[in-house]
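Student: Structure provided below as structure tokens; questions to follow.
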Amino acid sequence: MSVYLTNELREQLLDADDHRCVYCHTTQANSGYPMVVDHIKPRSRGGLTLFINLCFACYRCNLFKSDRTESDDPLTGEMTPLFDPRHQHWTEHFAWSNDGIQVIGITPEGRVTVIALNMNNDAIVDARRNWVRVGWHPPAVRE
Ligand SMILES: [Zn+2]
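Its first residue numbered 0, the sequence shown is counted upward by one per residue in numbering that gives the first Met the number 0.
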């Protein structure tokens, strides 16, 4: 989705999100695709184009997230909000598998986000496997 951002807002987002997807932590360098701007609350549901409602996401996470803000938790059957990168901390909701290849949801919000955004899809898992082979490690998470 094409969004007009002022240079100031774009810089603010790049700095906050460290040039990587706020959901799966794929970097632009690793994916080969520019990050896209994600409205955490979609514009179609009244979400505003303000820093607090914007983040950078990889193309895939943005595509799978679509206009969703919540999803069914398969463990509880409860409708659960997706991870909100502006109000929640990644490390409190996600962890990397020991081999650095899978993102694991460690809370209900993390779990539904991993599933809804297909964060361990075959393409990204293959890519992570290749990155690990050449010495890449999941990025250190700033808190
Ligand atoms: Zn992503």
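Where a beta carbon is used, it is the ideal one built from N, C-alpha and C, also for glycine.
#1: Taking PHE82 as part of the alpha helix (DSSP H), name the residues at either end of that continuous run.
#2: Classify CYS60 as helix, strand or coil using the three-state DSSP reduction.
#3: Find the nearest neighbour of TYR3 within the set ASP14, GLU91, GLY45, ASP37, judged by alpha-carbon distance.
#4: Hey, VAL131 and ILE100: beta-carbon distance below 9 Å or not?
#5: Short of 8 Å in beta carbon distance, which residues of its chain neighbour THR5, apart from the five on each side in sequence? Order them along the chain.
#6: For ligand 1, which residues have a Cβ under 6 Å from at least one heavy atom, in chain order?
#7: Sorted by chain position, which residues of the same chain lie with C-beta nearer than 6 Å to MET118's C-beta, five sequence neighbours on each side aside?
Tutor: In short:
#1: That residue, PHE82, is in no alpha helix (DSSP H); it is neither H nor E in DSSP.
#2: CYS60: helix per DSSP, three-state reduction.
#3: Nearest of ASP14, GLU91, GLY45, ASP37 to TYR3, Cα basis: ASP37.
#4: Closer than 9 Å, so yes.
#5: Apart from the 5 residues on each side of it in sequence, THR5 has no Cβ closer than 8 Å to any other Cβ in its chain.
#6: That query returns the following residues: CYS20, TYR22, CYS23, THR25, ALA56, CYS57, ARG59, CYS60.
#7: Excluding residues within five positions, the ones whose Cβ falls inside 6 Å are CYS23, VAL102.
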